[in-house]
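As structure tokens, the structure follows; a few thoughts come after it.
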Amino acid sequence: MPAMWRDMQNPAFENALENGHSLISKILNDTPAAHKAWIHTESLSLDGNDSGKLQYLKEVLNLTTAPALKPISDSLNLGDCLGQIAEGLRLHQTLLTVVSNLALVKPEEVDGLLYDIRDLLIQVKKMQSQTGVTSAPETQEDLKSQLQKNLAPQLEDEYTSQVAAHLVLLHLRDFSQDVSRSFRSMHSILFPDSDSQTTVALN
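If you read the sequence shown in this note's numbering, its first letter stands for residue 25, the second for the next number, and so on.
Structural data, given as structure tokens:
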């Protein structure tokens with residue numbers, strides 16, 4: 025195991041990691057409810073296949089997507105891994121904020137997701153601080169302004185607004201699944217001797 029990984033084998037990092045996994049699990053559990061409360065177009069389902077029209081609108085909207093998370097291994101730089109997670113979370117925070125602000129209706133479930141993403145970023149920042157890697161700025165004002173400018177005219181149409189909201193939640197769910205897997209892998213590498221209760225909690 026690389027020295028950087030060994031340095032993270034302490035209670036503070038483990039606590040932040042477990043808190044982070046609890047939050048990403050909550051996001052995954054709450055995303056379907058947010059989708060149900062926000063999306064009223066029957067053809068837009070988290071588990072459905074893309075129709076031709078939806079595929080076209082995906083290309084038109086051209087929503088920024090988070091980079092794919094690299095698989096965790098004991099040879100991967102832990103700081104880089106956490107940096108990828110933080111970058112993706114900030115992107116989804118910005119996308120969800122912009123699209124929900126431009127939508128005609130924003131259910132309280134969406135605010136709940138934003139609070140959870142904010143709290144998760146705090147836990148990731150705690151883990152990053154122990155790696156010695158400086159976090160990137162926590163706001164993405166340039167991206168936020170550009171998204172608002174680009175999306176505002178398009179989201180005046182109700183169906184397109186629903187598609188944008190659907191895609192943001194779909195991307196958030198997929199990214200959250202990757203983050204959950206990364207957290208579980210981190211825990212198995214760093215704390216292989218943890219008690220069974222902790223192991224169950226991370227599954």
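Cβ atoms here follow ideal geometry from the backbone N, Cα and C, with glycine treated the same way.
Cβ-based burial, residue i [other Cβ within 10 Å; buried from 16]
| i | result |
| --- | --- |
| G44 | buried |
| T121 | buried |
| H64 | exposed |
| P216 | exposed |
| S169 | exposed |
| L128 | exposed |
| G156 | exposed |
| R30 | exposed |
| Q79 | exposed |
| V224 | Confidence is the limiting factor: at V224 the pLDDT is only 42, short of 50, which leaves the residue's position unreliable, though a coordinate-based value still follows. Classification of V224: exposed, given that the 10 Å Cβ count is below 16. |
Limits of the alpha helix (DSSP H) - the one that residue i falls within
| i | result |
| --- | --- |
| M32 | No alpha helix (DSSP H) contains M32, which DSSP labels as neither H nor E. |
| E132 | 132-155 |
| G112 | 102-126 |
Option in the options with minimal Cα separation from residue i
| i | options | result |
| --- | --- | --- |
| Q33 | L137, L102, E182 | L102 |
| N125 | E38, T184, A176, A61 | A176 |
| D202 | L214, K94, K50, T155 | K94 |
| S185 | L68, P56, E133, A40 | L68 |
Beta-carbon proximity of residue i to residue j, cut-off 7 angstroms
| i | j | result |
| --- | --- | --- |
| Q164 | I141 | no |
| D135 | L47 | no |
| I96 | S206 | yes |
| L70 | L191 | no |
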